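Q:
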Amino acid sequence: MLGGRLVLYASGDRAAYDEIAHVIEGFTQKHWYLGEFGNASRMKYVVNMLVCINNAATAEAPTFAAKMGLDTKQVYDHVTQSFGSSRVWEQRARMAVEGDYVSARGTYNISRKDAKIIGAEAAAVFSPALLFSVALQMHYSGMAQGFAGLDTASLYEVYRMAAGLPSTVERD
Numbered sequence: 774m775l776g777g778r779l780v781l782y783a784s785g786d787r788a789a790y791d792e793i794a795h796v797i798e799g800f801t802q803k804h805w806y807l808g809e810f811g812n813a814s815r816m817k818y819v820v821n822m823l824v825c826i827n828n829a830a831t832a833e834a835p836t837f838a839a840k841m842g843l844d845t846k847q848v849y850d851h852v853t854q855s856f857g858s859s860r861v862w863e864q865r866a867r868m869a870v871e872g873d874y875v876s877a878r879g880t881y882n883i884s885r886k887d888a889k890i891i892g893a894e895a896a897a898v899f900s901p902a903l904l905f906s907v908a909l910q911m912h913y914s915g916m917a918q919g920f921a922g923l924d925t926a927s928l929y930e931v932y933r934m935a936a937g938l939p940s941t942v943e944r945d
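So the sequence shown is residues 774 to 945, counted in our numbering.
1) Which stretch, first to last residue, makes up the alpha helix (DSSP H) that contains Gln910?
2) Please classify Thr925 as buried or exposed, where buried requires at least 16 neighbouring CB atoms within 10 angstroms.
3) Ile883 and Tyr818: beta carbons closer than 8 angstroms?
4) Closest to Lys840 by C-alpha separation, out of Ala788, Lys846 and Gly937, would be which residue?
5) Is His804 closer than 8 angstroms to Leu781 when the C-beta atoms are compared?
6) Taking the beta carbon of Gly915 as the centre, do at least 16 other beta carbons fall within 10 Å, making it buried, or is it exposed?
7) Measure the C-alpha to C-alpha separation of Ser900 and Ala788 and round it to an integer number of angstroms.
8) Kindly indicate which residue of Ser906, Asn828, Asp786 and Gln910 has the alpha-carbon position closest to the one of Tyr929.
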């Protein structure tokens, strides 16, 4: 159950938000009013862009470590305590080094849906999205390789195979 762990972005009519804020507090960890209608969606685009990029970085780094012969569980522990850590790293790198891709919190289908919107919005405002575009291609590769129904932590397997390392799991 996600009760109390969700964050919510709201925009539009401030009076309506103020009227229901006490209800929102009952099922969210944090919530924010972001002004004019549409700003909540725009904030979600920014967050999901970062998640997509961080998913790819979180798969790439332990692959690099494995190629250099480092223990990926030890790498996870050390990076988690460093400036290089992130919430995405803490969750998805742990899942990757444990080979746990079924505790799905975010599947590739979510990435695919959001990607179309984020890409179109970035193009509409002429904002470069180079890292996002490359990260998205790795997500598409994961889908093509049979990981679509798993958590995006399984991008680690996609990177492992791209680096000439064997996959540690079976795919659909």
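Heads up, the beta-carbon is just placed ideally off N, CA and C, and yes, glycines get one too.
Here the structure is a predicted model, which is why all the values come from computation and not from measurement.
A: Let me lay it out:
1) Within the sequence shown, the letter at position 137 stands for residue 910. Per DSSP, Gln910 belongs to the alpha helix (DSSP H) from Leu903 to Gly915.
2) As a working mapping, residue 925 is identified with position 152 in the sequence shown. So Thr925 ends up on the buried side.
3) The residue labelled residue 883 in the question sits at position 110 within the sequence shown. The residue labelled residue 818 in the question sits at position 45 within the sequence shown. Not in contact: Ile883 and Tyr818 (Cβ atoms no closer than 8 angstroms).
4) Here residue 840 refers to the residue found at position 67 when the sequence shown is read from its first residue. Among Ala788, Lys846 and Gly937, the Cα nearest to that of Lys840 is on Gly937.
5) The residue you call residue 781 lines up with position 8 of the sequence shown. The residue you call residue 804 lines up with position 31 of the sequence shown. Their beta carbons are under 8 angstroms apart, which means Leu781 touches His804 by this criterion.
6) Along the sequence shown, read from residue 1 onward, the residue named residue 915 stands at position 142. Buried, because 16 or more other Cβ atoms sit within 10 Å of the Cβ of Gly915.
7) What you label residue 900 is simply residue 127 of the sequence shown in a count that begins at 1. What you label residue 788 is simply residue 15 of the sequence shown in a count that begins at 1. Straight-line Cα distance between these residues: approximately 32 angstroms.
8) By 1-based counting over the sequence shown, the position of residue 929 is 156. Of Ser906, Asn828, Asp786 and Gln910, the residue nearest in Cα terms is Asn828.
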